[in-house]
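One structure is given here, and the rest of the page talks about it.
Numbering (the working numbering), first residue to last: 195 to 359.
Right under this line is the structure:
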């Protein structure tokens with residue numbers, strides 16, 4: 195009888211350990227807390243773009259607004275990061291504040307003048323705000339990169355591609 199009780203106790207102890215070992219994982223979303231505000235914002239922007247493609251503009255705007263708040267926190271914690279300023283410009287512009295978006299883009303270009311994303315997005319902002327000469331300046335900066343940003347901005351300036359913004 196003692197052997198049976200000891201065996202049961204060992205089985206119970208081993209079973210409890212196996213459950214506790216599996217419960218600290220990220221499937222419950224707990225690992226999300228480890229992501230930086232910048233990374234969370236990038237993920238929200240990707241989701242917002244998908245909503246836009248589906249025509250769910252209200253949902254997209256909410257995601258852009260959340261992303262913008264996270265990016266502002268990220269920028270406060272780690273200022274002067276060109277990628278953060280690029281996404282801040284993007285989300286601000288997507289929320290309808292072209293002037294604010296332009297300020298973020300210009301700050302980013304002070305840090306990294308040849309940043310492909312900033313130059314493309316700023317060029318598109320200039321097109322939307324009817325400043326084609328400034329858009330062409332951004333295109334000229336991108337000319338030597340042989341990148342998709344150059345090709346996209348060039349097509350938008352030429353009128354063979356429609357800007358999403």
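A virtual CB, placed ideally from N, CA and C, is assigned to each residue, including glycine.
- Taking 4 residues as the minimum length, the alpha helix (DSSP H) runs contained wholly in the stretch 287-335 are 292-305, 310-322, in order along the chain.
- Residue 319 is not a Cβ neighbour of residue 312, given a cutoff of 8 Å.
- Counting only residues of its own chain and dropping the five nearest sequence neighbours on each side, residue 298 has a CB closer than 7 Å to the CB of 279, 282, 283, 286.
- Listed in chain order, the non-local C-beta contacts of residue 330 below 7 Å within the same chain comprise 351, local neighbours out to five positions each way being set aside.
- Judged by DSSP secondary structure, residue 266 falls within the alpha helix (DSSP H) whose first and last residues are 251-271.
- In this chain, the alpha helix (DSSP H) harbouring residue 247 covers 231-247.
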